[in-house]
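Participant:
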Amino acid sequence: MTMSYPPAIRDFMGCRIETIPETHEVLNRVRRGDPMPSILLDHPQLTQAQIGLARHLQDQERELNRLYSKLQDMERLKMQVERDLATSLLRAVQPSTASR
Numbered sequence: 051m052t053m054s055y056p057p058a059i060r061d062f063m064g065c066r067i068e069t070i071p072e073t074h075e076v077l078n079r080v081r082r083g084d085p086m087p088s089i090l091l092d093h094p095q096l097t098q099a100q101i102g103l104a105r106h107l108q109d110q111e112r113e114l115n116r117l118y119s120k121l122q123d124m125e126r127l128k129m130q131v132e133r134d135l136a137t138s139l140l141r142a143v144q145p146s147t148a149s150r
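Residues 51 to 150, numbered by the working numbering, are exactly what the sequence shown covers, in order.
1) Identify the continuous alpha helix (DSSP H) that holds His-93 and give its terminal residues.
2) Could one say the Cβ of His-106 lies closer than 9 Å to chain D's Cβ atoms, at least one of them?
3) Would you report the Cα separation of Met-51 and Met-124, rounded to the nearest angstrom?
4) Based on Cα-Cα distance, which residue from Glu-72, Arg-112, Ile-70, Thr-137 lies nearest to Pro-85?
5) Roughly how many angstroms lie between the CA atoms of Ser-46 and Ala-136, to the nearest whole one?
6) Whole angstroms is fine: what's the gap from Ser-138's alpha carbon to Val-131's?
7) Using 8 Å for Cβ pairs, my map puts Ala-104 next to Ile-89. What's the rounded Cβ distance?
8) Rounded to the nearest angstrom, what separates Leu-77 and Ile-101 at their Cα positions?
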């Protein structure tokens with residue numbers, strides 16, 4: 051089964067095949083959240099389609115970072131509830147074991 055990609059993806063993949071080190075640099079900078087004007091200044095060969103994909107990737111990275119931070123907050127809260135439950139259970143068990 052042959053997959054058909056939209057032109058923007060084909061352009062981006064074509065760039066990736068032709069210039070591997072440069073592509074890695076662009077991808078790393080996009081993932082790091084470097085400002086697009088700075089990336090475009092250093093890589094004027096990027097097409098509008100590639101710029102759109104890069105912006106979309108940056109948006110996705112920001113959302114992923116936001117969700118990861120929220121996940122960490124929830125994990126801390128869960129751990130606190132677990133500690134509270136464990137402490138409560140220990141207190142409930144201690145008086146009954148002390149009377150034996």
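For each residue, glycine too, the CB sits at the ideal point set by N, CA and C.
Facilitator: Let me lay it out:
1) Unbroken run through His-93: none, as it is neither H nor E.
2) Protein chains in the displayed structure number just one, and chain D is not present.
3) Bear in mind that the predicted position of Met-51 carries a pLDDT of just 48, short of 50, making it unreliable; the figure below should be weighed with that in mind. Between Met-51 and Met-124, the C-alpha separation is close to 42 Å.
4) Arg-112
5) Because the chain spans 51 through 150 in this model, residue 46 falls outside it and cannot be assessed.
6) 10 Å
7) 7 Å
8) 11 Å
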